[in-house]
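Counted the way mature numbering (1 follows the signal peptide of the UniProt record, and there is no 0) counts, the sequence shown spans residues -26 to -1, 1 to 302.
Just so you know, even glycine gets a beta-carbon here, dropped at the ideal spot from N, CA and C.
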Amino acid sequence: MKRITKLLAAIMLAGVAATSATSAMAQSKGAKIFVIGGKADDPFWSKVKKGADDAGKVAELTGGSVTWLGPQNYDNLGPDAAKLIRTALSQNPSAIVGPDWVPEAMDDAFKEVVAAGVPLIIYNSGGMDAAKRLGAMNYVGNEEYAAGLGGGAYFGGHGAKNVLCVNTLPGSTNTEDRCKGIADAIAKSGGKSSQLPLPSSSFGNPTAVAEAIKAAVLKDNTLDGVITISAGDANSAANAISQASVGDKVKLASFDMDETGLQRIKDGTQMFSIDQQPYLQGFLAVSLLNGFVNYGLDLPTKPVLTGPGIVDAANVDATLAGAAAGAR
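What follows is the structure, given as structure tokens:
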């Protein structure tokens, strides 16, 4: 009996030792993931970052890390983002996540990542076309043209005939696709949409954006809809529409959303928002790469779409609850 007891004890000790060794191995080989994104204080990108950070907690349990790299501003978006990609690559990463905002400025940097044998996921901008072109594992995010089509169809279905798409990041693939989708979809119902391109320095400048939109709606009295490429710009647009006293005629919508915009939807002063679930973009992209680096896991689903979805008066209450938790 004593021999059996000693044998069991030895087996248990060996099991503990093996578990400790496995744990130490995991800690020494954890995934070192770099995420290229927008400014951390940007209302949209703060949600993406929260998702990446939450997924990073799992990576940390296996000795890994998640590092966020974002630009100082959006004035020189493509070249600045390319520099961030190369900065990440210089840190001997296990994997990299990044948006393909401006392909002509960023693609060469992404190709360097793939050429170095570093797993890459494109997210948020570029779509599966960019992922295939660059040799990335997958795309996680919204299909921007499809999102625009959804918004244009919603406008058209609710009687809008002349919609202004306000673009404060002109030349960026995702924002151009958004405005094009709006125009193509509303044309099918007999309406039209034009783009108001503003300098990228206007992005995040509420006064400049509001003044430009106010001037546009006062100049063209046939406008009956305004959609912005971001939630922050929608707040500026709401002020512009109010100042121009055209709120009874010009209906407001936005790509993406914040609590202020959601409250306008609830109050009836904004028609809808187009949601791409930014939290999931950060969370899923990091989670997929962490699983791939540590365990060789991959998904057959390509792309992994997080949107688009329409948030309007019918579902705004549930969305507000998610926003209060910092995830919508």
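Annotation: L279 to V71 spans about 15 angstroms, alpha carbon to alpha carbon. Counting only runs of at least 3 residues, the segment 95 to 178 fully encloses the following beta strand (DSSP E) elements, listed from N- to C-terminal order: 112 to 115, 136 to 141, 166 to 171. Secondary structure note for I239: its alpha helix (DSSP H) is the uninterrupted segment 233 to 241. Beta-bridge annotation (DSSP): K3 is not paired with any residue.
With contacts defined as CB atoms closer than 8 angstroms, V220 and V183 fail to qualify as a contacting pair.
A buried status is given to S174, since no fewer than 16 other beta-carbon atoms sit within 10 Å of its beta-carbon.
The beta carbon of A227 is closer than 6 angstroms to those of I201, M245, F246 in its chain, skipping five residues each way along the sequence.
Rounded to whole angstroms, the gap between the alpha carbons of A287 and Q237 is 10 angstroms. The beta carbon of Q65 sits closer than 7 angstroms to those of F8, all from its chain and outside the five residues before and after it, given in chain order. Less than 8 angstroms separates the beta-carbon of A105 from that of N112. With contacts defined by Cβ atoms closer than 8 angstroms, A26 and W42 form a contacting pair.
Ranked by how close their Cα comes to the Cα of I239, the residues L170, F266, I284, L258 have I284 in first place.
Using a Cβ distance threshold of 8 angstroms, I248 and F229 count as a contacting pair. P45 and V224 have their C-alpha atoms roughly 34 angstroms apart.
Counting other Cβ atoms within 10 Å of its Cβ, A189 stays below 16 and is therefore classed as exposed.
When DSSP states are grouped into helix, strand and coil, K223 belongs to the coil group. Secondary structure at L271: coil, using DSSP grouped into helix, strand and coil.
In the DSSP assignment, L43 forms a beta bridge with I10. Counting C-beta pairs with one atom in each stretch, the segment 113 to 133 and the segment 144 to 164 have three or more that are closer than 8 angstroms, which means they touch.
By the beta-carbon neighbour count (other beta carbons within 10 angstroms, threshold 16), G100 is buried. Note: V183 is not bridge-paired with any residue in the DSSP secondary-structure output. Remark: C-beta atoms of I95 and N141 do not approach each other more closely than 8 angstroms.
Separation of A161 and N136 (C-alpha to C-alpha, rounded to the nearest whole angstrom) is 10 angstroms. CA-to-CA, the gap between S20 and A14 works out to about 5 angstroms.
At a Cβ-Cβ threshold of 8 angstroms, G300 and K24 count as neighbours. Contact between G206 and G178 holds, with the beta-carbon distance rounding to 6 angstroms and staying under 8 angstroms. By alpha-carbon distance to A259, the top candidate from G115, C139, P171 is G115. Under DSSP, L279 takes part in a beta bridge, and its partners are G115.
Rounded to whole angstroms, the gap between the alpha carbons of L143 and L170 is 10 angstroms. Bounds of the beta strand (DSSP E) holding G72 are 69 to 72.
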